[in-house]
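Here the sequence shown is numbered in the working numbering, starting from 7 and rising by one per residue.
All C-beta atoms in this analysis are idealised placements derived from N, C-alpha and C, irrespective of residue type, glycine included.
Right, one structure below, let's go through it.
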Amino acid sequence: ITSNYLRSVALLFLVYSTIQENLRNFSQQEYLDGSELENFFAAQSILKAVLIVGLLLILVVLIVNIVRTIVKFFGFNISKQKGSLLINYGLFSTKSTIIKPEKVQITTVTRNFFQKKMDILEVRIQQATSGEIQNKKDIIEIPGCNESEKNEILKLIFNTFPEKGVVLKPNWRKLGFSSFISIGIPLIIYLIYGFYIDELIFDYAFLAIGYVIFVALILTFGYKNYRLFVNDDFIILQSGAWDVDNRIIEIAKIQAITTSQLFWHKSLDIGSLTIHTAGGDIHFDLGNFATVKQYVNLWLYKVETNNIHWM
Numbered sequence: 007i008t009s010n011y012l013r014s015v016a017l018l019f020l021v022y023s024t025i026q027e028n029l030r031n032f033s034q035q036e037y038l039d040g041s042e043l044e045n046f047f048a049a050q051s052i053l054k055a056v057l058i059v060g061l062l063l064i065l066v067v068l069i070v071n072i073v074r075t076i077v078k079f080f081g082f083n084i085s086k087q088k089g090s091l092l093i094n095y096g097l098f099s100t101k102s103t104i105i106k107p108e109k110v111q112i113t114t115v116t117r118n119f120f121q122k123k124m125d126i127l128e129v130r131i132q133q134a135t136s137g138e139i140q141n142k143k144d145i146i147e148i149p150g151c152n153e154s155e156k157n158e159i160l161k162l163i164f165n166t167f168p169e170k171g172v173v174l175k176p177n178w179r180k181l182g183f184s185s186f187i188s189i190g191i192p193l194i195i196y197l198i199y200g201f202y203i204d205e206l207i208f209d210y211a212f213l214a215i216g217y218v219i220f221v222a223l224i225l226t227f228g229y230k231n232y233r234l235f236v237n238d239d240f241i242i243l244q245s246g247a248w249d250v251d252n253r254i255i256e257i258a259k260i261q262a263i264t265t266s267q268l269f270w271h272k273s274l275d276i277g278s279l280t281i282h283t284a285g286g287d288i289h290f291d292l293g294n295f296a297t298v299k300q301y302v303n304l305w306l307y308k309v310e311t312n313n314i315h316w317m
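Written as structure tokens, this is what we have:
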């Protein structure tokens with residue numbers, strides 16, 4: 007219920023598009039009077055219509071999410087087997103997966119506000135793959151864990167519990183640039199359209215204001231949660247506005263590291279970092295570049311001196 011909103015909304019959009027097309031065809035065949043429908047909707051308050059549609063959308067998303075989760079994870083069972091995890095689940099077709107700790111590359115722990123209150127979270131595990139692109143089907147999901155179960159899974163994978171160490175924060179320009187792209191540009195287009203093309207669009211200014219407030223909140227919380235934690239053995243990237251992800255990488259399993267810095271960021275000493283593993287990459291943008299380079303040198307040294315098999 008508390009996760010996978012985007013996939014549910016995407017499914018709803020497909021259903022809505024199909025229904026809308028069928029209604030249009032139905033109306034064209036004169037089974038429905040299109041003018042009566044238009045008069046009905048025109049008589050309704052736009053604000054009330056938006057509220058009703060929003061509530062219905064939330065209700066349908068919850069129902070779709072429940073059904074999808076039950077079908078996919080029906081009979082979910084996880085057990086230890088000779089140092090590995092054996093997972094079985096599925097309603098129509100049972101899927102069995104073995105997780106070997108030495109093959110695990112990135113472990114993601116996801117939780118939002120409601121899940122925190124209910125003491126549940128989701129764990130996703132990315133193992134080493136032979137191809138260059140990580141297939142979504144290869145990502146193993148463990149839904150509905152509580153805190154103690156999550157700790158046991160992490161201890162089995164890493165032989166210890168990954169603690170958050172030193173924190174690296176992004177420069178405030180990350181929030182500024184995201185705000186310009188997501189708020190500034192759409193708002194400029196809206197104003198230009200209203201002043202030079204059609205002033206009637208200003209009748210819907212409340213929608214523009216609502217959009218600005220909503221996106222500003224998302225960006226602010228996303229920036230507040232965006233952190234890179236480093237300790238002796240692990241790197242943890244925290245990100246997300248509502249669903250907060252903590253992506254855990256074992257330093258010894260790093261394959262390569264890429265750092266980048268735009269020329270206008272040199273005087274500000276900020277830059278970006280990409281850590282490559284056999285199961286995918288993680289990115290940290292606009293951190294203190296001098297500090298980032300120090301950690302990169304340390305990580306590369308540890309990778310060269312440690313002889314750990316991860317395949």
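Since residue i is in the alpha helix (DSSP H), which residue starts that stretch and which ends it?
i      : result
Pro107 : Pro107 -> no alpha helix (DSSP H), and no H or E assigned at all.
Asn83  : First-last for Asn83: 83-87, but that is the beta strand (DSSP E), not the alpha helix (DSSP H).
Phe119 : 119-124
Taking just the CA atoms, how far does residue j sit from residue i?
i      : j      : result
Thr100 : His289 : 35 Å
Ala258 : Asp287 : 15 Å
Leu38  : Ile131 : Confidence at Leu38 is low in this model, with a pLDDT of 48, below 50, so the placement of that residue should be treated as unreliable; the coordinate-derived value is given next. Roughly 51 Å between the two C-alpha positions.
Ile146 : Lys109 : 12 Å
Glu36  : Leu63  : Any reading at Glu36 must be qualified, since the residue scores a pLDDT of 49, below 50, and its modelled position is unreliable; the value itself is stated next. So the alpha carbons of these two residues sit roughly 29 Å apart.
Ala49  : Ala211 : Per-residue confidence for Ala49 stands at a pLDDT of 47, beneath the threshold of 50, marking its modelled position as unreliable; no derived number is given.
Gln121 : Leu243 : 20 Å
Tyr232 : Pro176 : 7 Å
Ile219 : Val172 : 33 Å
Leu234 : Ile195 : 35 Å
Gly200 : Phe208 : 6 Å
Asp251 : Lys272 : 30 Å
Ile72  : Tyr301 : 43 Å
Asn83  : Val66  : 28 Å
Val236 : Tyr307 : 15 Å
Leu304 : Gly277 : 18 Å
Ile281 : Val77  : 35 Å
Tyr95  : Ile189 : 42 Å
Thr311 : Ala262 : 15 Å
Ile58  : Lys170 : 43 Å
Val70  : Thr116 : 20 Å
Leu193 : Lys230 : 24 Å
Lys161 : Thr265 : 31 Å
Ile191 : Tyr202 : 16 Å
What are the boundary residues of the beta strand (DSSP E) that includes residue i?
i      : result
Asn152 : Note, Asn152: premise wrong, no beta strand (DSSP E); not H, not E.
Glu310 : First-last for Glu310: 295-311, but that is the alpha helix (DSSP H), not the beta strand (DSSP E).
Ser266 : 262-266
Leu92  : 90-95
Ile131 : 127-133
How about residue i and residue j: do their beta carbons lie closer than 8 Å?
i      : j      : result
Arg269 : Ile255 : Note that residue 269 is Phe in the sequence shown, not Arg. Result no, Cβ atoms of Phe269 and Ile255 do not sit closer than 8 Å.
Ser184 : Leu223 : no
Gly293 : Leu174 : yes
Ile126 : Arg253 : no
Thr135 : Gly285 : yes
Ile104 : Ser85  : no
Val309 : Ile260 : yes
Asn152 : Asp249 : no
Ala214 : Gly228 : no
Phe164 : Asn157 : no
Pro107 : Glu128 : no
Lys180 : Asp291 : yes
Phe80  : Leu92  : no
Using DSSP's beta-bridge definition, name the partner residues of residue i.
i      : result
Val173 : Phe235
Asp287 : His282
Lys101 : Tyr95
Thr323 : Nothing about residue 323 can be reported from this structure: the residues present for the chain run from 7 to 317 only.
Gly277 : Gly293
Glu147 : Arg130
Quick check on residue i - is its C-beta less than 8 Å from some C-beta in chain B?
i     : result
Leu65 : Of the protein chains in this structure there is only one, and it is not chain B.
List, from N- to C-terminal side, the beta strand (DSSP E) runs of 3 residues or more that fit wholly inside the region 182-256. 233-236, 240-245, 250-256
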